Every structure is written in C-alpha cells, then in structure tokens.
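Read through the structure below, which is laid out as structure tokens, and then see the notes.
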Amino acid sequence: MQNLKQYLLLSAFSLGIISCQNSDDNPVANNVTLEFNNTFKNTTIVLGDATSGTATTNISAEGQVHHFSELKYVISNIRLIKADGNEVPYKINDLDQGATVIDQSKPETLRYILSNIPAGEYKRIKFGLGVKRELNVLDQMRFPKFYATAGSNDTQMMWEWGAGYRFTKIEGFYGTDHKQMSIHTGSTIKGSEGNFTQGVDAYRDVSLDLPTHAIVDHNAPKITVKADFDKLLTGKINTIVLVTGTGSDGNATPNIHTANQMVKFVDNLGGNGSGDISGMFSVTGVEH
Numbered sequence: 002m003q004n005l006k007q008y009l010l011l012s013a014f015s016l017g018i019i020s021c022q023n024s025d026d027n028p029v030a031n032n033v034t035l036e037f038n039n040t041f042k043n044t045t046i047v048l049g050d051a052t053s054g055t056a057t058t059n060i061s062a063e064g065q066v067h068h069f070s071e072l073k074y075v076i077s078n079i080r081l082i083k084a085d086g087n088e089v090p091y092k093i094n095d096l097d098q099g100a101t102v103i104d105q106s107k108p109e110t111l112r113y114i115l116s117n118i119p120a121g122e123y124k125r126i127k128f129g130l131g132v133k134r135e136l137n138v139l140d141q142m143r144f145p146k147f148y149a150t151a152g153s154n155d156t157q158m159m160w161e162w163g164a165g166y167r168f169t170k171i172e173g174f175y176g177t178d179h180k181q182m183s184i185h186t187g188s189t190i191k192g193s194e195g196n197f198t199q200g201v202d203a204y205r206d207v208s209l210d211l212p213t214h215a216i217v218d219h220n221a222p223k224i225t226v227k228a229d230f231d232k233l234l235t236g237k238i239n240t241i242v243l244v245t246g247t248g249s250d251g252n253a254t255p256n257i258h259t260a261n262q263m264v265k266f267v268d269n270l271g272g273n274g275s276g277d278i279s280g281m282f283s284v285t286g287v288e289h
C-alpha cells in the first residue's frame with residue numbers, strides 16, 4: 002500500500018513536470034507591443050510653439066511650411082490577422098482595455114501593449130483611427146478609464162458641443178507669419194436628443210501588411226507603426242493648401258473643428274476605406 006502511494010505521488014509529480022515543460026515548450030499566448038513613430042516623411046516630429054524655434058519644420062508638396070505644437074489621435078478596434086487569414090480581435094468592444102490616445106507630447110503613450118495574444122504567425126494588423134459608431138458616445142459609466150484619458154484637461158479628445166470623441170487633434174502654425182493651424186476631426190451626429198442620426202462618419206478602418214510576419218510564441222514581438230503626417234496636406238486622396246477663410250478648389254481652412262471640409266483631412270490621415278486603406282500609416286518593422 003505504501004509503495005502504491007509513493008508510485009501515485011511520483012506519477013503526479015512527473016505529470017506536473019511534463020505539463021510545465023509542455024507549457025514552456027508550446028506557449029499559448031504572449032504580448033505584442035505596438036510602437037507608434039509620428040514623423041514628417043522620415044523625420045520624427047518634434048513639437049514646439051511658434052516662437053521657440055524647436056518644432057520640426059514641415060514643407061508640403063505645395064511648398065507650404067507648417068509646424069506642430071500638439072499631435073494626438075485615437076487608436077481602437079485593433080485586430081491581428083494570422084497567416085491563414087483568421088482574425089484575432091483585441092478587446093474591440095471595450096474602450097477601457099482596447100483603445101488608446103497616442104500623444105506625441107507623452108512618450109509613454111507611443112507604446113501600446115496587447116496582452117495575451119494567441120500564439121501564432123501574423124501577417125497583417127488592422128485598427129481604427131477614431132472610435133467606431135456604436136461606441137462613439139461619451140459614456141463615463143461604461144468606459145471610465147478611456148473617458149478620463151480622452152477627457153483630461155491636457156488631452157481634450159472630446160467635442161465641447163457633441164456627444165462623441167475627437168479622433169485627431171492637431172494644433173500648430175503655418176506660413177512665414179505663423180498663422181494658427183487647428184485641425185480636429187471626429188464623427189458628427191444630427192438631430193435632437195432621442196432622435197440622433199449619423200452625420201459625417203470620420204472613423205476609418207486602417208489595414209497594414211507586416212513586412213515580415215510577427216511570430217507570437219516565447220517571443221513577444223514589437224510592431225513599429227509609422228504615422229507620416231506629411232500626408233496631412235499631401236495625402237493619397239487630397240492635396241490640401243491651407244487658406245484663410247472658406248476653402249475652395251481643393252483647398253481647406255486651417256481651423257477645422259466641425260464637419261465643414263473635415264473629410265479631406267480624415268481621408269488623408271486614415272484613408273477613404275476603398276482606394277486607400279492605410280492613410281498615413283505603415284508598418285516599418287517587426288522585432289522579436
């Protein structure tokens with residue numbers, strides 16, 4: 002009897018070791034880090050005010066000089082696509098856990114960790130620039146963490162007049178006389194309380210192929226996503242020249258806080274969903 006007990010204990014111990022070894026040898030999940038690099042062409046953007054002289058000088062294809070003093074945008078609805086085509090969504094209906102505000106003034110926000118991604122080989126990443134329609138409601142009770150992040154005084158990623166979030170918030174100045182540039186985008190609604198309908202849909206679904214497949218196993222890969230703000234004015238869809246007053250003939254005003262002409266900037270930054278599904282974004286590297 003004593004020998005039987007010892008045998009059973011030894012067997013259980015051996016099974017435990019084998020189980021741990023199998024788990025170590027065949028991990029079921031690991032993290033994936035998204036690292037955002039905000040650039041103008043190939044130069045990482047440096048923010049600054051009109052008088053400091055520290056901000057990166059940006060020159061559009063039309064020769065228009067502009068600088069950035071504030072650069073923020075919302076990333077949500079993240080999905081990783083496996084080599085076999087299967088899609089792995091990442092908390093796509095939870096803004097608290099699956100969305101973030103990328104803020105060029107806060108280096109810690111430029112890295113976003115996706116936790117417990119199933120082991121496998123991934124060939125593409127998809128994400129939303131902005132917040133999809135069904136979640137774009139200022140709901141402090143449902144998503145308190147994201148609400149606090151997006152609405153904090155130094156972020157202000159909410160419309161003052163509406164019920165939804167800003168998707169991008171760009172401040173700066175342009176021209177030799179440092180005229181103000183203030184470009185805010187986000188979806189709009191029409192109607193009255195209890196009878197709201199979608200106005201301008203500024204949400205864009207971005208799809209990016211990875212230059213090399215990201216392997217999730219013992220390694221936790223890092224995917225570097227480049228956001229090239231040269232596309233703000235010189236995009237695949239529109240070439241924009243900032244003008245004072247009402248824009249026309251392909252031009253746009255430098256102060257966009259409403260739906261008026263906003264779609265031109267939205268299509269440049271996030272693509273138009275058909276001919277352009279990447280906008281200003283590209284994946285420049287995958288590290289393991």
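Take 2 as the starting number for the sequence shown in my numbering and just add one per residue.
Note that CB positions come from ideal geometry on N, CA and C, so glycine has one too.
The structure presented is a predicted model; accordingly, all values stated were derived computationally and were not measured.
**Message:** Alpha carbons only, please: which of Ile-190, Gly-276, Ser-283 and Glu-172 is nearest the one belonging to Lys-227?
**Reply:** Ser-283
**Prompt:** Rounded C-beta distance between Thr-1 and Asp-95? I'm assuming under 8 angstroms.
**Reply:** Beyond the ends of the chain as shown, which are 2 and 289, falls residue 1; an answer cannot be given.
**Asked** Can you list, in chain order, the stretches of the alpha helix (DSSP H) that have 4 or more residues and sit fully within the stretch 105 to 168?
**Response** 145 to 152
**Message:** Once DSSP output is grouped into helix, strand and coil, what is the label at Met-182?
**Reply:** strand
**Request:** Would you tell me roughly how many angstroms separate the C-alpha atoms of Gly-49 and Thr-240, rounded to the nearest one?
**Result:** 25 angstroms
**Prompt:** For Asp-50, which of helix, strand or coil comes out of DSSP?
**Reply:** coil
**Message:** Among the candidates Lys-170, Ser-153 and Lys-92, whose CA atom is the shortest distance from the CA of Ile-257?
**Reply:** Lys-170
**Prompt:** When the distance is taken between beta carbons, is Ile-224 closer than 9 angstroms to Thr-34?
**Reply:** yes
**Item:** Euclidean distance between Cα positions of Asp-231 and Asn-59
**Value:** 8 angstroms
**Request:** Alpha carbon to alpha carbon, how far is His-219 from Asp-229? Give it in angstroms, no decimals.
**Result:** 32 angstroms
**Message:** With distance defined between alpha-carbon atoms, name the residue in Val-89, Glu-88, Pro-90 and Leu-115 nearest to Thr-101.
**Reply:** Leu-115
**Asked** Are there three or more Cβ pairs, one per stretch, closer than 8 angstroms when the stretch 82 to 92 is compared with the stretch 130 to 144?
**Response** no
**Prompt:** When the Cα of Tyr-91 is compared with those of Leu-72, Val-75, Tyr-166 and Pro-119, which residue comes out closest?
**Reply:** Pro-119
**Message:** Using C-beta distances below 6 angstroms, list every residue in its chain close to Gly-286, excluding the 5 sequence neighbours before and after it, in chain order.
**Reply:** Thr-225
**Asked** With which residues is Thr-213 paired in a DSSP beta bridge?
**Response** Paired residues: none, contrary to the question.
**Ala-164 to Arg-134 span [Cα, whole Å]** = 11 angstroms
**Item:** Cα-Cα separation between Ser-70 and Ala-56, rounded to whole angstroms
**Value:** 7 angstroms
**Message:** Need the endpoints of the beta strand (DSSP E) that Phe-282 sits in, please.
**Reply:** 282 to 288
**Asked** Helix or strand or just coil, what does DSSP make of Leu-270?
**Response** helix
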